[in-house]
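Visitor: Chains as they are written, first to last, in the working numbering: chain A, 10 to 342; chain B, 3 to 310.
1. Considering only C-alpha positions, which residue in the set B:286, B:301, B:295, B:136 is nearest to residue 27 of chain B?
2. Let me check understanding here. Comparing Cα to Cα, which of B:232, B:165, B:133, B:184 lies closest to residue 155 of chain B?
3. Closer than 7 Å by beta-carbon distance: list the chain B residues that pair up with residue 97 of chain A, in chain order.
4. For the alpha helix (DSSP H) containing residue 185 of chain A, list its first residue and its last residue.
5. Say whether chain B places a C-beta atom closer than 7 Å to the C-beta of residue 122 of chain A.
6. At the level of alpha carbons, what is the spacing between residue 253 of chain A and residue 161 of chain A?
7. Could you run through the region 50-75 of chain A and flag, in chain order, every residue whose CB is less than 7 Å away from some CB of chain B?
8. Does any residue of chain B bring its CB to less than 7 Å from the CB of residue 28 of chain A?
9. In angstroms, rounded to a whole number, what distance separates the CA positions of residue 202 of chain A and residue 148 of chain A?
10. Just the C-alpha distance for residue 4 of chain B and residue 75 of chain B, rounded to the nearest angstrom, thanks.
11. Beta-carbon within less than 7 Å of residue 20 of chain B's beta-carbon, same chain only, minus the 5 sequence neighbours each way: which residues are those?
12. Would you say residue 173 of chain B lies against chain A (beta-carbon separation less than 7 Å)?
13. I need the DSSP call for residue 77 of chain A, collapsed to helix, strand or coil.
14. Between the alpha carbons of residue 125 of chain A and residue 243 of chain A, how many angstroms are there, rounded?
15. In the DSSP output, what is residue 141 of chain A paired with across the bridge?
16. Let me know if residue 10 of chain A comes out buried or exposed under the rule of 16 or more other beta-carbons within 10 Å of its beta-carbon.
17. From A:235, A:45, A:130, pick the residue whose C-alpha is nearest to that of residue 280 of chain A; which is it?
18. Roughly how many angstroms separate the alpha carbons of residue 289 of chain A and residue 340 of chain A, rounded to a whole number?
19. Give me the chain A residues within the contact set of residue 1 of chain B, using Cβ-Cβ distance strictly less than 7 Å, ordered along the chain.
20. Using a 10 Å radius around the Cβ and a threshold of 16 neighbouring Cβ atoms, would you call residue 192 of chain B buried or exposed?
21. Confirm, please, whether the CB-CB distance from residue 77 of chain A to residue 344 of chain A is below 7 Å.
22. Let's see if you can read the secondary structure: which residues bound the alpha helix (DSSP H) around residue 116 of chain B?
23. Identify the contact partners of residue 162 of chain B in chain A, using a Cβ-Cβ distance below 9 Å as the criterion.
24. By the DSSP assignment, the beta strand (DSSP E) with residue 200 of chain A in it spans what residues?
25. Can you pull the chain A neighbours of residue 192 of chain B, defined as C-beta to C-beta under 7 Å?
26. Count the CB pairs spanning the region 8-17 of chain B and the region 38-46 of chain B that are closer than 8 Å, and state whether there are at least three.
27. So what's residue 5 of chain B in DSSP terms, helix, strand or just coil?
28. Residue 199 of chain B CB to nearest chain A CB: under 7 Å?
29. Examine the ligand SAM and report whether any of its heavy atoms sits within less than 6 Å of the Cβ of residue 50 of chain B.
30. Provide the residue span of the beta strand (DSSP E) that contains residue 193 of chain B, from first to last.
31. Identify the continuous beta strand (DSSP E) that holds residue 230 of chain B and give its terminal residues.
32. Would you grab the beta carbon distance between residue 159 of chain A and residue 194 of chain A for me? Rounded to a whole angstrom, and I think it's under 8 Å.
33. With 7 Å set as the bound, which would you pick, yes or no: does the beta-carbon of residue 128 of chain A sit closer than that to a beta-carbon of chain B?
34. Could you give the first and the last residue of the continuous alpha helix (DSSP H) run that contains residue 39 of chain A?
35. Please confirm if residue 291 of chain A has its CB atom under 7 Å from at least one CB of chain E.
36. Where DSSP assigns a beta bridge to residue 256 of chain B, which residues make up the other side?
Structure, rendered in structure tokens:
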């Protein structure tokens, strides 16, 4: 069995946990270690994708274009990817990112809104850039529905479409059946992106791979939104033990996680009380740190805030609603 | 051509989709100095045209031609698409008609009724920016008229069901146009716009968050809040469902330029439900602004006739 292609997104999803404070040096060190260990794709962008630097999501310390350029300069084999959320980033930033050296763009929409991505796939395909679709918050819709949305992205020119468990709310069966539905409906590749809010990052990813996923994501030490992502080093070790054929350096990735990433991490993402609540309530993982901060500021339990955001069926990008909900809960006290 | 006889100016709506239909209901409910002479579409089976006919409104499915043929029509609301308006703008100009553009084509200057309508009263073509722009630019302007605004950011969250194919296929244009409007009309040195579509059922009301960064940490909060409250009252005059959900929130934030005071305003727009459901406040504010602009232009035309 051939192992899936691995995209490490420490330098994108990890940006949430870093509050978007990555430096050129950190990007260089991480990119070098991942490239050396044979990881095929490295995603480098603000956590909320191109042009995510904002009051809404947090300002980047270093311009993402500089970080992309740094990563591209550093690697010898790995491809550099950027994330783009239509509605936040535009073709203007995509063009800029292409000029700074990305070879893959991952275009993410809420899993019901694939039809807002046509312009961006169009631009990517015009310059023959590899383009991957991301159906975010995939736990909110059943497999057949997701397959239809994935077909739209395929028709726009996607080379692969991912089931993205942005809330870390899926269980292994749910992950597997969603991947399977896309595999059956699409001619192109299918991917899976997990969050560890229910402690299932690796478990769900393995279930997705067993169901036929061609591409999967991880981050070193699980650095990422919510309880973090599937830990790249852990995923590679388990896939290796399962007998998948690969060219990754397992111990090299253990070293990268331990000696490159762990020293600069502000905290170890873990399914703590509030993160489990995110997975349980089905809320966008990125809301975690915003809810913790506002909860403290207004003396409201972050868990209450997160559960209410789940009840309101908020989606990726609605960080301003965290303030709204917090103010309402604070008033009720 | 004698419009002053009944103190009404004849207007037409071009485009019989959701926006055109909602605007028709607004003009029927509150005609002011306007008389809706025609709803023109291109699709004979259009539901909008059928609705207009059942209400006794003249309709046509021959696009812009019948409007050009009827020289008594002085003002034309274009609710088609940016692509179509580029062509329409030229034809209407040559025919000497006033165009109020509800598409993102922006052939004429941007207009936000309580901010700069007076300055463009003699234009042949004015543009209404975007729904998010109509909602948020007045409040950014309200701040910038009392203190400098180096940076303003708006986040518009709208119900998926209220985002039509035009918005979906051209989502970048929403972002560019709105950001530019925050700068040109809002008075922010730099503007940024974000749009989120939310598929929740029942659908959410249109929500906008406006963030403003000030120069440094010192801000006369009272002065700013007072100006914002005044502006909200002005907008409510034509969009009754326009309100802040909470008092503006002030916070000191770390930014790339150092510590700055940030203000956040949480705005909700509930539509009046003329035709579109009330959650579609984004579309309601567009048609309400269009009606308001049309009314001011109509009054202007009538005044000119009296003085001539």
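Glycine included, C-beta positions come from ideal geometry on N, C-alpha and C.
Guide: According to the data block:
1. B:286
2. B:184
3. 196
4. 181-194
5. yes
6. 31 Å
7. 63, 64, 65, 68
8. no
9. 12 Å
10. Caution is warranted here: a pLDDT of 46 is assigned to residue 4 of chain B, below 50, making its placement in the model unreliable, and no coordinate value can be reported.
11. 166, 278, 285
12. yes
13. helix
14. 35 Å
15. A:115, A:169
16. exposed
17. A:235
18. 25 Å
19. Chain B is shown from 3 up to 310; residue 1 of chain B falls before or after that span and cannot be answered.
20. exposed
21. Here chain A has residues from 10 to 342 only, and residue 344 of chain A is not among them.
22. 115-118
23. 119, 121, 122
24. 198-202
25. The premise fails here: residue 192 of chain B is roughly 11 Å from chain A at the closest Cβ pair, so nothing lies under 7 Å.
26. yes
27. Low per-residue confidence applies at residue 5 of chain B: pLDDT is 44, beneath 50, and the placement is therefore not dependable, though the value from the model is reported in the following sentence. Residue 5 of chain B falls in the coil class under three-state DSSP.
28. yes
29. This structure simply doesn't include the ligand SAM, nor any ligand for that matter.
30. 190-200
31. Per DSSP, residue 230 of chain B belongs to no beta strand (DSSP E); it is in the alpha helix (DSSP H), 223-238.
32. 6 Å
33. yes
34. 33-45
35. The structure shown contains no chain E; the protein chains it does contain are A and B.
36. B:261
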